[in-house]
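Numbers given in full-length UniProt numbering equal positions in the sequence shown, counted from 1, plus 179. Every residue, glycine too, gets a C-beta built ideally from N, C-alpha and C. Treat the numbers as computed from the prediction; the structure is a model and nothing was measured. Written below as structure tokens is the structure these notes are about.
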Amino acid sequence: GADLPLAGRHVLVTSGPTHEPIDPVRYIANRSSGRQGHAIAAAAAAAGARVTLVSGPVAIAPPAGVTTVEVETAREMLAAVEAALPADAAVFAAAVADWRTAGEAAQKMKKNGKGTPQLALVENPDILATIAHRAEQRPGLVVGFAAETEKVVEHARQKRLRKGCNWIVANDVGPGTGVMGGTRNTVHLVTGEGVEDWPTMDKDEVARRLVARIAAAMPKGSA
Ligand code: C5P
180 GADLPLAGRH
190 VLVTSGPTHE
200 PIDPVRYIAN
210 RSSGRQGHAI
220 AAAAAAAGAR
230 VTLVSGPVAI
240 APPAGVTTVE
250 VETAREMLAA
260 VEAALPADAA
270 VFAAAVADWR
280 TAGEAAQKMK
290 KNGKGTPQLA
300 LVENPDILAT
310 IAHRAEQRPG
320 LVVGFAAETE
330 KVVEHARQKR
340 LRKGCNWIVA
350 NDVGPGTGVM
360 GGTRNTVHLV
370 TGEGVEDWPT
380 MDKDEVARRL
390 VARIAAAMPK
400 GSA
């Protein structure tokens, strides 16, 4: 019905950072609270969807009424996302570490007075691009995020094409915006049709508006 516009749909959301271990006590991470991704998962559930939230380590509670899969690394996140397919829509709000260490040290690395360790890094899989380019079980609507500090919309347009996703939600995370870790967000929705500038609003409201757009974009009658 109109009150539950995503009834019968499966929505997949990634959220939070990933942690890439250096040794048993240290890791490389991205700065992400998980607030925006978790809010999207909650809003999709409130709209009647069955929701799978694949979350990196966060300090906030998993939303009620959502199946949350907790992961640590980018590779675990990709595996959990693939295991959750098929989905009608997938929203990739996680801040995935672009690189991981070439090999995790089995023991805690110690200072030995002979200089500093050199960390060799290798590239992590791009979860959004991997799913958006799938030949089989590609979600009908794939939405990525783009956190940019300059030329926000231009970079987001390029990112939409490069990643192969349908939409990009671009946000300005430059210093002084307070977006990182904050409760409010200023976003631009970049689709194949163009760019919409949304006013600054709470992340919960961004989530509700995005979910309403996702519901409106679903093919009719196939749920
Ligand atoms: O390339 P960039 O990290 O700016 O792209 C951001 C978008 O790509 C976000 O939607 C993010 O969740 C997704 N991403 C991903 N896997 C990566 C890197 C980014 O899914 N390894």
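| Item | Value |
| --- | --- |
| Pairwise C-alpha distance: Gly-319 and Ala-268 | 6 Å |
| Residues bridged to Thr-356 [DSSP beta-bridge criterion] | DSSP output for Thr-356 lists no bridge partner at all. |
| Which of helix, strand or coil DSSP assigns to His-189 | strand |
| Range of the contiguous alpha helix (DSSP H) that encloses Glu-261 | 253-263 |
| beta-carbon residue 413 near ligand 1 non-hydrogen atom, thresh 7 Å | The first residue shown for the chain is 180 and the last is 402, placing residue 413 beyond what the model contains. |
| Alpha-carbon spacing of Ile-201 relative to Glu-283, whole angstroms | 5 Å |
| Beta-ladder partner(s) of Val-270, from DSSP | Val-192 and Val-322 |
| Contact test: Asp-277 Cβ vs ligand 1 heavy atom, cutoff 7 Å | yes |
| Selected residue, minimal CA-CA separation from Val-301, among Val-321, Ala-276, Pro-184 and Ala-222 | Ala-276 |
| Ligand 1 heavy atom lying under 7 Å from the CB of Lys-338 | yes |
| Same chain, Cβ closer than 6 Å to Thr-246, five either side skipped, listed in chain order | Thr-231 |
| Distance, Asn-209 Cα to Glu-333 Cα | 23 Å |
| Local conformation of His-367 per DSSP, three classes | strand |
| Leu-389 vs Val-348 beta-carbon contact at 8 Å | yes |
| Bridge partners - Val-230, DSSP secondary structure assignment | Val-190 |
| Own chain, CB closer than 8 Å to Asn-364, minus 5 neighbours either side, in chain order | Gln-215, Asn-350, Val-358, Thr-379, Met-380, Asp-381, Lys-382 and Val-385 |
| Whether Pro-242 touches Ala-258 by CB criterion (8 Å) | no |
| Range covered by the beta strand (DSSP E) that runs through Val-248 | 246-249 |
| Environment of Gly-400 [buried if 16+ CB atoms lie within 10 Å] | exposed |
| Integer-rounded CB distance, given that Glu-261 should sit under 8 Å from His-198 | Actually they are not in contact, since the Cβ atoms of His-198 and Glu-261 sit about 20 Å apart, beyond 8 Å. |
| Neighbour-count burial assignment, Glu-217, 16 or more Cβ in a 10 Å radius | For the sequence presented, residue 217 should be read as His rather than Glu. Buried, by the Cβ-count rule. |
| DSSP-derived helix/strand/coil call for Thr-280 | strand |
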